[in-house]
Amino acid sequence: MNLLRLSVPVVASVALVVGLAGCGAVGGPNETSGTIIGGVLGGAVGSQVGGGRGRTVATIIGTMIGANIGANVGRSMDGNDRMRTAQILESSRTGQSSGWVNPDTRNEYVVTPTRTYESAGAPCREYTMRAVVGGQPDTVYGTACRQPDGSWRVVN
């Protein structure tokens, strides 16, 4: 992947997603994080399609679709789901998947830490979350770092 070739469409798409995420702040931090993560990933995938203006359009469309998917997953999570995700990030081995079904919403989640590293003295983990929300399967990729208070915060 040539980052210089992708930079203009991806940067424009990320700016669009961040702007839209600010408008949807009522949905809370999970929805906003999901929107941003999904938008960035969707834009990156879309930027691989076509050339010239077609690539730019594909990047923007990919960003919008990814942002919507990410927002749906983030919006669907309640406090119990966030707590379970944090427990998995804290204690599961890299590559070990753990899942649950929320008894209230019937949404299903499977979280898999995919990489562990340290950043600014804090442990960080990349992860994949497969979710079935309202019967629709979605996949979200993200990175979270442990905060000084022991909680985990999504950083991208």
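Take 1 as the starting number for the sequence shown in full-length UniProt numbering and just add one per residue.
Every residue, glycine too, gets a C-beta built ideally from N, C-alpha and C.
Predicted model, so just to flag it, every value in this text is computed and none were measured.
On a CA-only basis, which of Pro113, Ala131, Ala122 and Asn156 is nearest Gln87? Give me that one, please. Of Pro113, Ala131, Ala122 and Asn156, the smallest CA-CA separation from Gln87 is found for Pro113.
Distance between Arg130 and Val101 (C-alpha atoms, nearest Å): Pairing Val101 with Arg130, the inter-Cα distance amounts to about 12 Å.
Return the CA-CA distance between Ile69 and Thr143, expressed in angstroms with no decimal places. Legend: pLDDT at Ile69 = 49, less than 50; position of this residue unreliable, value from coordinates given subsequently. One C-alpha to the other measures close to 17 Å.
Suppose the cutoff is 8 Å on Cβ atoms and the five residues either side in sequence are ignored; what does the same chain contact list for Glu118 look like? The residues Cys124, in chain order, have a CB closer than 8 Å to that of Glu118 in the same chain once the five nearest residues on each side in sequence are set aside.
Based on Cα-Cα distance, which residue from Arg106, Thr94 and Val110 lies nearest to Val140? Comparing Cα positions, the closest option is Val110.
Enclosing beta strand (DSSP E) for Gly79 [first to last residue]: That residue, Gly79, is in no beta strand (DSSP E); its alpha helix (DSSP H) goes Gly79 to Ser91.
Reducing DSSP to helix, strand and coil, say where Gly150 ends up. Coil.
Tell me whether Thr105 sits in a helix, a strand or coil according to DSSP, three-state version. It is coil, neither helix nor strand.
One or two residues paired with Ser119 in a DSSP bridge: DSSP lists Ala122 as the bridge partner or partners of Ser119.
Can you find the residues in the same chain that come closer than 7 Å, C-beta to C-beta, to Asn107, ignoring five residues on each side of it along the sequence? So the qualifying residues of the chain are Ser76, Ala131, Val132 and Val133.
Label Val155 either buried or exposed according to how many other C-beta atoms from any shown protein chain fall within 10 Å of its C-beta, with 16 as the threshold for buried. Counting Cβ neighbours within 10 Å, Val155 comes out exposed, since fewer than 16 surround it.
Rounded C-beta distance between Thr116 and Thr94? I'm assuming under 8 Å. Rounded, the Cβ-Cβ distance is 5 Å, consistent with contact.
Where does Thr94 sit, in a helix, a strand or coil, going by DSSP? If DSSP states are grouped into helix, strand and coil, Thr94 belongs with coil.
Sequence-distant residues of its chain with Cβ nearer than 7 Å to Ser151 (five each side left out): Close CB contacts of Ser151 within its chain, under the 7 Å cut and outside five residues either way in sequence, are with Ala86 (chain order).
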